[in-house]
Every structure is written in structure tokens, then in C-alpha cells.
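First comes the structure, then the notes that go with it.
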Amino acid sequence: MDLITLFEKLLRFRSITPEDDGALAFIEGYLCDFEAVRFEKEGVKNLFLYRKFSEGPHLCFAGHIDVVPPGEGWESDPFEPTRRGEWLYARGAQDMKSGLAAFLKACKDTKDFGGTLSLLITSDEEGEAKYGTVEVLEWLKENAFLPDYAIVAEPTCETRFGDAIKIGRRGSINGIIEKIGKQGHAAYPEKAVNPIHKVAQVLPYMAGVDLDSGDENFAPSKFVITDIRAGMGVTNVTPGKLRMMFNVRNSTQTTKEDVEAFVHRYFREMDYTLTLNESAKPFVTDRTSRVVRDLVRAIGEVTGIEPKLSTAGGTSDARFFGEYGIDTVEFGVINDTIHAPNERTSIAEVENLERVFARVIANF
Ligand SMILES: [Zn+2]
Numbered sequence: 001m002d003l004i005t006l007f008e009k010l011l012r013f014r015s016i017t018p019e020d021d022g023a024l025a026f027i028e029g030y031l032c033d034f035e036a037v038r039f040e041k042e043g044v045k046n047l048f049l050y051r052k053f054s055e056g057p058h059l060c061f062a063g064h065i066d067v068v069p070p071g072e073g074w075e076s077d078p079f080e081p082t083r084r085g086e087w088l089y090a091r092g093a094q095d096m097k098s099g100l101a102a103f104l105k106a107c108k109d110t111k112d113f114g115g116t117l118s119l120l121i122t123s124d125e126e127g128e129a130k131y132g133t134v135e136v137l138e139w140l141k142e143n144a145f146l147p148d149y150a151i152v153a154e155p156t157c158e159t160r161f162g163d164a165i166k167i168g169r170r171g172s173i174n175g176i177i178e179k180i181g182k183q184g185h186a187a188y189p190e191k192a193v194n195p196i197h198k199v200a201q202v203l204p205y206m207a208g209v210d211l212d213s214g215d216e217n218f219a220p221s222k223f224v225i226t227d228i229r230a231g232m233g234v235t236n237v238t239p240g241k242l243r244m245m246f247n248v249r250n251s252t253q254t255t256k257e258d259v260e261a262f263v264h265r266y267f268r269e270m271d272y273t274l275t276l277n278e279s280a281k282p283f284v285t286d287r288t289s290r291v292v293r294d295l296v297r298a299i300g301e302v303t304g305i306e307p308k309l310s311t312a313g314g315t316s317d318a319r320f321f322g323e324y325g326i327d328t329v330e331f332g333v334i335n336d337t338i339h340a341p342n343e344r345t346s347i348a349e350v351e352n353l354e355r356v357f358a359r360v361i362a363n364f
């Protein structure tokens with residue numbers, strides 16, 4: 001089966017999170033030379049495939065078979081890959097069945113490798129990701145079989161194929177502050193405690209402020225206010241409570257405790273409560289790690305481009321590999337239509353992606 005036929009086959013599975021629509025069984029059959037371990041929990045399906053070629057390091061390719069719902073506005077069936085010119089349109093074309101097709105083909109064609117090659121595929125990356133990649137990594141840890149290196153094939157390129165890889169990701173901390181006041185009549189402000197007036201005084205020191213100065217890998221972690229509400233929609237009552245929501249996309253320099261201390265610095269004089277939730281931890285792989293160097297080299301060989309090493313954007317399952325101490329990088333096709341109607345990628349990008357992965361395996 002050639003690469004593009006394989007890619008189209010994957011795109012036809014209606015694998016909306018957490019369904020795989022039979023895709024994992026197909027993949028298991030496709031890579032029949034690999035040992036397979038299946039994981040199923042709470043409707044989430046994961047597949048781990050491995051093959052020990054010789055003694056040596058363990059390299060894992062990782063990705064998700066699930067896609068987000070297609071939504072409205074498609075010009076062709078989102079689950080029937082449609083070619084128009086150089087483009088192939090379907091849900092998951094960029095995010096990330098292109099990446100899956102590329103590493104599946106590269107692994108299938110591998111005859112020789114200086115260690116163990118594995119693949120970790122989940123059906124729950126776009127959802128809660130609770131029983132997805134983490135479930136498999138936990139099992140690998142218990143069995144002392146964690147990979148040394150991982151390549152996650154998420155779409156990372158910006159405007160040209162080969163222009164960016166990700167060597168880490170920022171974390172994400174969400175918070176809710178509730179400032180309690182005392183409701184009253186607008187004409188008697190001295191008898192009330194107006195939480196809007198109190199909070200307004202500290203906002204200039206908090207809104208959009210950098211919590212660290214960033215470094216070579218990360219932009220500064222910003223305190224971003226996403227919602228403030230109080231009041232009853234009338235002009236003659238001052239409210240008894242104000243609720244403010246915020247998000248911090250944090251670098252490795254700023255922790256949950258730092259965010260808590262930052263809020264406390266400005267709210268400590270006030271009656272308030274703070275709820276913090278760290279939905280993702282930041283991670284970064286050292287620029288000198290072998291997997292970074294090997295990937296950059298392979299991209300150079302295939303495209304002649306030196307990619308930038310980025311940590312920008314939202315979170316991905318790469319963070320879980322980072323948490324288990326695995327040197328992890330992400331590389332895939334251009335990301336400009338993911339989760340949108342008429343998601344598409346070019347045939348040439350998918351072919352080049354497969355070449356890059358094949359180079360990485362050959363050079364390893
Ligand atoms: Zn993705």
C-alpha cells in the first residue's frame with residue numbers, strides 16, 4: 001500500500017473522540033511485524049506497537065487517531081478524502097492523520113534499526129486525554145519499557161514545510177478569584193463594600209503582566225484575565241461579589257505556587273477565595289538532545305531548511321512524555337486549517353514528512 005492510499009484509508013475512519021471506528025485494528029494488522037498491546041478504558045482505545053531490532057535506545061513515534069467533529073461549512077464529505085489540485089481535504093488531514101500515515105509507513109518499511117522502535121496511538125487526545133497516552137505510559141513505566149526518545153507527529157510547521165519543530169510546550173494554569181464584598185445602595189457607598197471598586201485598584205498591576213522574563217525556550221508567562229463579572233444589571237445597587245477568571249500559559253520558570261503568590265500579593269488585604277487548576281505542566285527537551293539533533297538533520301536533508309525550535313501554541317500529548325522524563329519533540333505538516341471546516345494538507349507535505357521520519361530512523 002503506498003503512502004497516500006494509506007493516508008486516505010486513515011481519513012475514512014470516522015474516528016471522532018473517543019471512537020477509533022476500527023482504525024486501530026487496521027493499524028495493528030498493517031504493522032504485523034510489530035508486537036501489539038491494546039488498552040481499553042472508559043471507551044478510550046489505545047494501541048502500543050513495538051519491535052526490538054537490536055540492543056540500543058528505544059525510539060517511539062506517537063500520535064492520535066481521533067479527530068474533532070467536522071462541524072458545518074464543508075465543501076466535500078469530511079470523511080471522504082477529496083483531492084483538489086495539490087490538496088487533500090478531510091477532517092484530520094493536518095491534525096493528525098498525515099503524521100500517523102507518515103510514521104506508520106516509515107516504520108513498516110524499516111528493515112534495520114539500532115534499538116527498539118515503537119508506536120503509541122490513542123483515540124483520546126482531543127478529549128479529556130485521561131485514559132489515553134498517560135494510560136500507556138504508566139503501563140510502560142511499570143514494565144520498565146519507557147522509550148528514551150519520542151517524536152509526536154502533530155502539525156508544527158507554520159508557513160513552509162520544515163520551518164518549525166516543537167521541543168516543548170508551555171503549561172496551562174486556570175484560576176477563578178472570588179472577591180466578597182457587601183451589597184448596598186449606590187447612593188450610600190459608605191455603607192457597602194463594592195468589590196468592583198476594590199478589584200479595579202489592583203487590576204493595573206495584574207492584567208497582562210509578565211510573571212517571568214522568559215528564556216531562550218519560552219516567551220514570558222503572562223497573567224491573562226479572561227472574564228470579570230459582578231453586578232445585577234442595574235445602576236442603583238452595588239454588588240456583593242465579583243468573580244474574575246484568568247489563564248496563565250506558563251514556562252518552566254513559573255509554577256502554580258508562583259501564580260498563587262502573585263494573586264495573594266494584590267488580594268491579601270481583601271476577603272477573597274482562589275481556585276487554581278493546573279491543566280498541563282510545561283516541559284522542554286534540551287536542544288542538545290539526540291532526538292532534536294537527529295530530527296533537525298533529517299529535515300535539513302529532505303527540505304534544505306533549518307527549522308526553528310519552538311515551544312509556542314496550546315498543549316498536546318507531548319507534555320505527558322515530557323512528564324515521564326522522555327526527550328520529546330514534535331514535527332508534522334503545516335498547521336493552518338486544524339479543527340476548521342475544509343481541513344486540508346498537501347500531498348507533497350505528507351510525502352516529505354514520511355521521508356523525514358524514514359531519515360530519522362535510518363540515521364539513528
Ligand atoms: Zn492533534
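Residue numbering for the sequence shown follows the working numbering, beginning at 1 and increasing consecutively. Idealized CB from N, CA, C, for every residue including glycine. Everything numeric in this text was worked out from a predicted model, so none of it was measured.
- The shortest C-alpha to C-alpha distance from aspartate 77 to any of Leu117, Leu309, Pro341, Leu211 is the one to Pro341.
- With a cutoff of 7 Å, serine 316 counts as near ligand 1, since its C-beta is closer than that to a heavy atom of the ligand.
- For aspartate 20, the shortest C-beta to heavy atom distance toward ligand 1 is 7 Å or greater.
- The Cβ atoms of valine 333 and glutamine 183 do not sit closer than 8 Å to each other.
- Between glutamate 260 and leucine 242, the C-beta gap is not smaller than 8 Å, which leaves the two residues out of contact.
- For serine 98, the enclosing alpha helix (DSSP H) covers residues 97-108.
- In this structure, the alpha-carbon of leucine 104 lies about 17 Å from that of alanine 348.
- Burial check for arginine 293: the Cβ neighbour count within 10 Å stays below 16, so the residue is exposed.
- Using a Cβ-Cβ distance cut-off of 8 Å, the segment 299-316 and the segment 158-170 are in contact, since at least three pairs of beta carbons, one from each stretch, lie closer than that value.
- Under DSSP, aspartate 2 forms no beta bridge with any residue.
- Counting C-beta atoms within 10 angstroms of its own C-beta, serine 213 has fewer than 16 neighbours from the protein chains shown and is therefore classed as exposed.
- In the DSSP annotation of this structure, the continuous segment of the beta strand (DSSP E) that includes lysine 52 starts and ends at 44-52.
- Between threonine 17 and aspartate 124, the C-beta spacing is below 8 Å.
- DSSP places glycine 162 outside both helix and strand once states are collapsed to three, so it counts as coil.
- Partner residues in the beta bridge of valine 237, as assigned by DSSP, are His185.
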